[in-house]
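Colleague: Residue numbers (our numbering): 14 to 465.
1. Can you check which of these residues, 391, 352 and 264, is closest to residue 128 by C-alpha distance?
2. Just tell me which of 241, 271 and 165 has its CA closest to the CA of residue 477.
3. Hey, residue 83 and residue 266: beta-carbon distance below 7 Å or not?
4. Just checking my contact of residue 123 with residue 143 at CB under 8 Å: how many whole Å lie between their CB atoms?
5. Give every residue of the same chain whose Cβ lies closer than 6 Å to the Cβ of residue 199, excluding the five residues on either side of it in the sequence, and list them in chain order.
6. Where residue 365 and residue 286 are concerned, what is the direct C-alpha to C-alpha distance, given to the nearest angstrom?
7. Looking at the structure shown, is residue 24 part of a helix, part of a strand, or coil, going by DSSP?
8. With a threshold of 8 Å on Cβ separation, who are the neighbours of residue 408 within its own chain once the five nearest residues in sequence on each side are excluded?
9. Out of 447, 139 and 136, state which residue places its alpha-carbon closest to the alpha-carbon of residue 311.
10. Need the endpoints of the alpha helix (DSSP H) that residue 164 sits in, please.
11. Out of 290, 324, 141 and 345, which one is the CA nearest neighbour of residue 304?
12. Excluding sequence positions up to five away, which residues of its chain have a Cβ less than 7 Å from the Cβ of residue 214?
13. Would you say residue 320 and residue 389 are within 7 Å of each other, going by their C-beta atoms?
14. Check whether the Cβ atoms of residue 133 and residue 244 sit closer than 7 Å, and answer yes or no.
15. Give the secondary structure of residue 330 by DSSP, where H, G and I count as helix, E and B as strand, and everything else as coil.
16. Quick check on DSSP: helix, strand or coil for residue 403?
17. For residue 71, does the count of other Cβ atoms within 10 angstroms reach 16, so buried, or fall short, so exposed?
18. Would you call the CB atoms of residue 239 and residue 103 closer than 7 Å?
19. Answer yes or no: do residue 181 and residue 205 have a C-beta to C-beta separation smaller than 7 Å?
20. Within the same chain, show all residues whose beta-carbon is closer than 6 Å to that of residue 233, passing over the 5 residues directly before and after it, in chain order.
21. So for residue 185, helix, strand or coil by DSSP?
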């Protein structure tokens, strides 16, 4: 337990610091967006076009990286490093190949896709969305490789360059907005997004090579590890992108409201996600390989101690952070986004939306941890089912509440969904651990298993 407590602050502090830097860059990016475009249909078009490539990436690739890659690679590194290297190279090749096919489909059907993404937009705005889609479709190809390398760095607990990569991603977007927008308009932002994705990949390549890993083109889908990854990905493909699908639906609702509503929703969500990332995702990420290692070593007692400690740290920190964000929401938004084309009404609407979003800071943060607890036990089905239930709740609530309460109904619907998902995860984790303990007893030659 003492070793765990020593590790968590170190890993979390490094990742938390880089996450804070990333969100600092993100806030600067949003301020530049607000000053340059305001709460306009032009910025709405970029935000709408950004969603689909991100959604497809999360469906096809990120689900396996988040849920399957870490526990499987943890086992391989313990037993056979050569197979671990082969497995990692196979995953990189598979991820990039899959996203290349998806990007090609987006480029071909961008015109039809744009009308589905933003049905409330005028035809000329939908044409702009289609144009931006063809640029942004390239980024998931790059992220396919980058996220696979990121999972390798998490397993090896190398968090510095892993955490710096989003900083460079936002830097690329900022540079594109400042230097390319005067020449290419909003397309300059899309080009900057691609530049940022390349920087995101480059810094991870550097650290992975420093760790001793060597790249080798290899794609062997016949290995047991790859087949196990696919089996874990199949249910996760429906669950991991639920948040993105939720905000895609929210974008559809917001596109039918007052112009600028999509941008306001995006700005408010970005502010709300800062404490979720700093506290929830940071601690969950540093805890995940430890949970997976505990399961690999059949140490249920250590698993429980790690999970409980992380839970209460996240709970106390996220509740405090939520209260602070709620109290300072309006001056914060006015300082960061106010001025230029972002007028007083836009500030007030964003502050109101963010105020409701703060309700979900503790619940969303804890869901990040509890979902990873299930992933560590190589179970993706239970979190997926609960996330789909949350999606149904959020979209149903939005359908009934938006006509009456306008844009604030969207963050409230999100809170209802995350709270429901958290409650269900907490109710089901004890049974999952009991099952893992029984399986460990069967696999262990010892008459006594630690923690039982």
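Beta carbons: idealized from backbone N, C-alpha and C, even for Gly. No experiment lies behind these values; they were computed from the predicted model shown.
Modeller: Short version:
1. 264
2. Absent from the model: residue 477. The displayed extent of the chain is 14 to 465, so no value can be given.
3. no
4. 4 Å
5. 55 and 59
6. 16 Å
7. helix
8. 259, 262 and 426
9. 447
10. 152-168
11. 324
12. 155, 158 and 159
13. no
14. no
15. helix
16. helix
17. buried
18. yes
19. no
20. 103
21. helix
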